[in-house]
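Visitor: Residue numbers (my numbering), protein chains in the order written: chain A, 86 to 291; chain B, 86 to 291. Heads up, the beta-carbon is just placed ideally off N, CA and C, and yes, glycines get one too. Supplied in structure tokens, the structure appears directly below.
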DNA sequence: CTGGTTCCAACTGCATACAGATGGCTGCCC
DNA sequence: GGGCAGCCATCTGTATGCAGTTGGAACCAG
């Protein structure tokens, strides 16, 4: 239930600012209002929807300022993850990260945005896992989920694919060299750039 | 409702591992099960209680490994906050931070654990706010809430008060000097030390 | 006395019914 | 014609009832 509604939001089926009426959602999933309500509470706690007393839940329309704070947080968290990952990744993890990264070059050359986007998600997830810190993993995953409605189109920008790949390259190299500082910085600036690329698509806050 | 139950957990009234039976909670607060259920869902999303299908919610008994990951995350987040705060705090914020810190010395000299603990909470909150990043503020606040059951007694350790004050001093100085790097490091190691001091009190995980 | 099986009580998950609140619409008054 | 007030429709918040499931207690067999 939570998942179903979250998907509607993350996939963009429900647009930021849109009201989530309990009865229509209940009808849509053919259940009663109760599970819907509970799911909305949970989504509210996760920050995906906003709730105030006696009002409909609304898909969080992150205002510019809060959106920026999330992108900044994302950059910081990525930096931390990469730094920790450089120290802690196992040999297998390093190998997988590199292999995966190398193979993604084909999508860049082919200009396959969708495929590269999928790889990109995996790549970052590997990074988060590599930090070997469950709580940080949770935080970064949640933050990413909340940001996802706002960066769907990030790879549409011309040349973004190649640049993203080059930035990944820097991160991978630093991690393979076990250079924690460099890895942290590379990941940090990588996300900073993504945030700039995505800002354009941000839904105007109210 | 959420707040009421969360308080029971944070204050230690409900102990990690304890089952949260919906009907008794409903009776306790003199409401029906419905709002209790929704509150539990929300607390589940916040990570304060664990939930699995057809089971009672249980106060999260953070296992040793996850507890460590939270303390580590806390150290990283504090470091980030202090670093950002050193750059971004307004003159008023700096002044308040210093004033507050100075005045806390009286509690150290008097050995007033309760009072110092209250000040300590304020001090760190100031730091988080000083970073001027709402999302990071949320994350660090949530993490702290989840950790609170596990560090209630941190100032009981002999000499901890004075050491904490000295560490705060380093952080304050670095921020007043606008030395972001030093502030970040000082805050990071401060929390690392707290985590060591608290580990002793961790409820044994299962 | 111990191990297993069966049954029951208690609790969770969901649905429905009702009460309270809110926002918009309509109609009246100025 | 415009503005204000009161009413009504609609939606959220809460209570209660019922069905499904689970864990444990009691009982029986070895």
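List the residues that DSSP assigns as beta-bridge partners of residue 105 (chain A).
Guide: In DSSP, residue 105 (chain A) forms a bridge with A:142.
Visitor: Quick check on residue 164 (chain A): does DSSP put it in helix, strand or coil?
Guide: Residue 164 (chain A) falls in the helix class under three-state DSSP.
Visitor: For the segment 209–224 of chain B against the segment 171–182 of chain B, do three or more pairs of beta-carbon atoms, one drawn from each stretch, fall closer than 8 Å, so that the two count as touching?
Guide: Yes: at least three Cβ pairs fall under 8 Å.
Visitor: Applying a beta-carbon distance threshold of less than 8 Å, which residues of chain A neighbour residue 122 (chain B)?
Guide: In chain order: 123.
Visitor: Compare the beta carbon distance of residue 167 (chain A) and residue 251 (chain A) with 7 Å and say whether it is the shorter of the two.
Guide: The answer is no: Cβ separation not under 7 Å.
Visitor: Can you tell me the Cβ-Cβ gap for residue 97 (chain A) and residue 143 (chain A), rounded? I've got them flagged as a contact below 8 Å.
Guide: The Cβ separation is near 15 Å, so there is no contact.
Visitor: Compute the Euclidean distance between the alpha carbons of residue 265 (chain B) and residue 259 (chain B), then round it to the nearest angstrom.
Guide: Each residue's alpha carbon lies about 7 Å from the other.
Visitor: What residues in its chain sit with their C-beta under 6 Å from that of residue 94 (chain B), if we drop five residues either side in the sequence?
Guide: Here the set comprises 133, 144.
Visitor: Exposed or buried, residue 100 (chain A), counting other C-beta atoms within 10 Å across all chains shown (16 or more means buried)?
Guide: That one is exposed.
Visitor: According to DSSP, is residue 97 (chain B) part of a helix, a strand, or is it coil?
Guide: Residue state, collapsed to three classes: coil.
Visitor: How big is the Cα-Cα spacing for residue 230 (chain A) and residue 146 (chain A)?
Guide: Whole-angstrom Cα-Cα distance: 14 Å.
Visitor: Checking the sheet assignment: what are the DSSP bridge partners for residue 135 (chain B)?
Guide: Note: residue 135 (chain B) sits in a beta bridge opposite B:143.
Visitor: Using three-state DSSP, classify residue 243 (chain B) as helix, strand or coil.
Guide: It is coil, neither helix nor strand.
Visitor: Please look up how many angstroms separate the CB atoms of residue 158 (chain B) and residue 159 (chain A), rounded, as I've assumed it's under 8 Å.
Guide: Between residue 159 (chain A) and residue 158 (chain B) the Cβ distance is about 15 Å, and since that is not below 8 Å, they are no contact.
Visitor: What does residue 158 (chain B) touch in chain A if you count any residue whose Cβ is under 8 Å from its own?
Guide: Those within 8 Å of residue 158 (chain B) in chain A are 218, 220, 221, 224.
Visitor: Just to make sure I have the definition right: I need the residues of chain B whose C-beta is within less than 8 Å of the C-beta of residue 140 (chain A). Which are they?
Guide: Ordered by position in chain B, no residue passes the 8 Å Cβ test against residue 140 (chain A), which lies about 16 Å from the chain.
Visitor: Can you find a C-beta in chain B that's less than 7 Å from the C-beta of residue 86 (chain A)?
Guide: Closer than 7 Å: no.
Visitor: Smallest Cα separation from residue 179 (chain B): which of B:277, B:268, B:86, B:200?
Guide: For residue 179 (chain B), the nearest C-alpha among the options comes from B:268.
Visitor: Would you decide whether residue 119 (chain B) is buried or exposed? Buried here means 16 or more other CB atoms lie within 10 Å of its CB.
Guide: It counts as exposed.
Visitor: Run through DSSP, which three-state label would residue 236 (chain B) get?
Guide: Three-state result, residue 236 (chain B): coil.
Visitor: Taking the alpha helix (DSSP H) that residue 216 (chain B) falls in, what are its first and last residues?
Guide: Taken as a continuous stretch (DSSP letters only), residue 216 (chain B) belongs to no alpha helix (DSSP H), as it is neither H nor E.
Visitor: Tell me where the alpha helix (DSSP H) around residue 189 (chain B) begins and ends.
Guide: Where residue 189 (chain B) is concerned, there is no enclosing alpha helix (DSSP H), given that its DSSP letter is neither H nor E.
Visitor: Roughly how many angstroms separate the alpha carbons of residue 177 (chain A) and residue 278 (chain B), rounded to a whole number?
Guide: C-alpha separation (whole angstroms): 32 Å.
Visitor: Give me the chain A residues within the contact set of residue 294 (chain B), using Cβ-Cβ distance strictly less than 7 Å, ordered along the chain.
Guide: One cannot answer for residue 294 (chain B) here, as it falls past the ends of chain B, which runs 86 to 291.
Visitor: Is residue 183 (chain B) helix, strand or coil by DSSP?
Guide: In the structure shown, residue 183 (chain B) sits in a helix (DSSP, three-state: H, G or I).
Visitor: Out of curiosity, what's the CA-to-CA distance linking residue 234 (chain B) and residue 222 (chain A)?
Guide: Approximately 21 Å, taken between the alpha carbons.
Visitor: Does residue 230 (chain A) have its Cβ less than 7 Å from a Cβ in chain B?
Guide: With 7 Å as the cut-off, residue 230 (chain A) does not count as an interface residue toward chain B.
Visitor: Leaving out the 5 sequence neighbours to the left and right, which residues in its chain are closer than 7 Å to residue 253 (chain B) when beta-carbon positions are compared?
Guide: Excluding positions up to five away in sequence, the list reads 186, 208.
Visitor: Quick check on the burial criterion: 16 or more other C-beta atoms within 10 angstroms. Buried or exposed for residue 110 (chain A)?
Guide: That one is buried.
Visitor: Which residue wins for smallest C-alpha separation from residue 88 (chain A), given the options A:112, A:106, A:123, A:108?
Guide: Closest option to residue 88 (chain A), Cα to Cα, is A:123.
Visitor: Grouping DSSP H, G and I as helix and E and B as strand, with all else coil, what is residue 262 (chain B)?
Guide: Looking at residue 262 (chain B) - three-state DSSP - the assignment turns out to be coil, as it is neither helix nor strand.
Visitor: Please list the partners that residue 151 (chain B) has in chain A, where partner means a Cβ-to-Cβ separation under 8 Å.
Guide: Within chain A, the residues near residue 151 (chain B) are 219, 220.
Visitor: Looking at chain B, which residues of the segment 249–279 of chain A have a Cβ within less than 7 Å of any of its Cβ atoms?
Guide: Listed by position along the chain: nothing, the set is empty.
Visitor: Quick one: measure Cβ to Cβ for residue 155 (chain A) and residue 206 (chain A), integer angstroms, because I've assumed they're closer than 8 Å.
Guide: About 17 Å separates the two Cβ atoms, so there is no contact after all.
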